[in-house]
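Asker: After the structure tokens below, expect a handful of questions from me.
Residue numbers (the working numbering): 2 to 302.
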């Protein structure tokens with residue numbers, strides 16, 4: 002009687018499914034970081050973000066749900082350069098997760114992969130919301146986000162060595178596709194010549210530099226200071242003869258003065274998706290840049 006029982010147990014052991022590998026729990030401050038981690042890690046990651054694509058990343062209301070996610074996270078990916086300084090440190094302290102604190106194995110400052118722009122020579126709050134480490138809005142540049150994606154890929158390999166084959170395969174697929182799109186996007190911008198634009202907030206310096214376009218000024222008199230009629234009027238006089246084609250801004254900024262300025266300057270106001278999720282069909286970083294390129298280079302209707 003014992004032999005048949007043992008054989009039955011042996012058979013059960015062989016048909017039982019292998020244990021499912023624990024997923025790497027990724028939390029990005031930006032939805033772009035979560036989207037990239039998902040594309041590269043696939044089923045081996047569980048990714049979410051603290052910021053929605055329609056929110057201003059400078060100002061985020063901390064929530065208990067943020068703390069809970071950070072408490073169980075294996076990897077935190079942040080923008081860095083002081084952009085989240087007003088809200089992220091408090092969340093990290095409450096998370097009680099040593100791994101994702103600055104310097105921890107699960108902490109990734111994505112700005113380490115980019116070349117900073119607009120680094121001030123002096124730190125002076127009278128200049129507005131100027132970040133000492135430079136302009137933190139590198140996520141508006143396709144090239145910068147390619148570098149960030151590679152950094153995320155390497156960190157996932159570090160945290161999930163058992164998933165190396167799958168992660169490397171997905172990375173190669175992503176990188177090949179993205180490089181092809183980079184060339185297409187670059188060509189689309191180049192075909193427009195050295196276009197001049199006015200920004201609402203100085204968020205687009207990385208995109209404009211990569212595209213070979215020029216910023217003729219910003220509606221904010223200083224970074225983080227709302228536009229005033231006086232400044233907008235002065236800027237209008239400055240750019241009147243400079244052939245400004247677009248006024249560009251994120252979806253979360255008010256647009257009353259932007260529309261007024263665009264009308265007076267003979268330009269077109271374009272609201273650009275600065276982050277994944279800024280529009281319902283912008284689900285990936287590639288979706289985001291496809292939308293930006295189309296809005297700025299396709300013939301206007």
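Glycine residues also receive a C-beta, built at the ideal position from the N, C-alpha and C atoms. All values derive from a computational prediction rather than experimental measurement.
Report yes if the CB atom of residue 262 is closer than 8 Å to the CB atom of residue 248, and no otherwise.
Answerer: Here residue 262 corresponds to residue number 261 of the chain shown, with the count starting at 1. Here residue 248 corresponds to residue number 247 of the chain shown, with the count starting at 1. Cβ atoms of residue 262 and residue 248: closer than 8 Å.
Asker: Which whole-angstrom value describes the C-beta separation of residue 136 and residue 98, a residue pair presumed to lie in contact below a C-beta threshold of 8 Å?
Answerer: Position 135 of the chain shown, counted from the start, is the residue given in the question as residue 136. Position 97 of the chain shown, counted from the start, is the residue given in the question as residue 98. No, residue 136 and residue 98 are not in contact; Cβ-Cβ is about 29 Å, not under 8 Å.
Asker: Beta-carbon within less than 6 Å of residue 271's beta-carbon, same chain only, minus the 5 sequence neighbours each way: which residues are those?
Answerer: The sequence position of residue 271 within the chain shown is 270, counting from 1. Correct list, in chain order: 247, 249, 296.
Asker: Going by the CB atoms, is the gap between residue 77 and residue 107 shorter than 8 Å?
Answerer: Numbered from 1 along the chain shown, position 106 holds the residue referred to as residue 107. Numbered from 1 along the chain shown, position 76 holds the residue referred to as residue 77. Against a cut-off of 8 Å, the Cβ pair of residue 77 and residue 107 comes out as a contact.
Asker: Report buried or exposed for residue 120, applying the criterion of at least 16 other Cβ atoms within 10 angstroms of its Cβ.
Answerer: Here residue 120 refers to the residue found at position 119 when the chain shown is read from its first residue. Exposed, by the Cβ-count rule.
Asker: Please look up how many angstroms separate the CB atoms of residue 266 and residue 220, rounded, as I've assumed it's under 8 Å.
Answerer: Here residue 266 corresponds to residue number 265 of the chain shown, with the count starting at 1. Here residue 220 corresponds to residue number 219 of the chain shown, with the count starting at 1. Not quite, the Cβ-Cβ distance comes to about 11 Å (not below 8 Å), so this is no contact.
Asker: Look at the alpha carbon of residue 37 and the alpha carbon of residue 27, and state the distance between them as a whole number of angstroms.
Answerer: As a working note, residue 37 is residue 36 in the chain shown. As a working note, residue 27 is residue 26 in the chain shown. Distance between the alpha carbons of residue 37 and residue 27: 11 Å.
Asker: Quick one, are the C-beta atoms of residue 216 and residue 240 less than 8 Å apart?
Answerer: Taking the first residue of the chain shown as 1, we reach residue 216 at position 215. Taking the first residue of the chain shown as 1, we reach residue 240 at position 239. Going by C-beta atoms, residue 216 is not nearer than 8 Å to residue 240.
Asker: Give me the Cβ distance between residue 303 and residue 32, rounded to the nearest whole Å; I'm assuming they're in contact under 8 Å.
Answerer: In the structure as shown, the chain begins at 2 and stops at 302. Residue 303 is therefore absent and cannot be evaluated.
Asker: Quick one: grab the DSSP three-state call for residue 243.
Answerer: The residue given as residue 243 occupies position 242 in the chain shown. Residue state, collapsed to three classes: coil.
Asker: Is the beta carbon of residue 152 closer than 8 Å to that of residue 89?
Answerer: Position 88 of the chain shown holds residue 89. Position 151 of the chain shown holds residue 152. No, these two residues do not count as a Cβ contact at 8 Å.
Asker: Would you mind reading off the limits of the alpha helix (DSSP H) that contains residue 154?
Answerer: On the chain shown, position 153 is the one that residue 154 refers to. Looking at the DSSP string, the run of the alpha helix (DSSP H) that includes residue 154 is 143 to 160.
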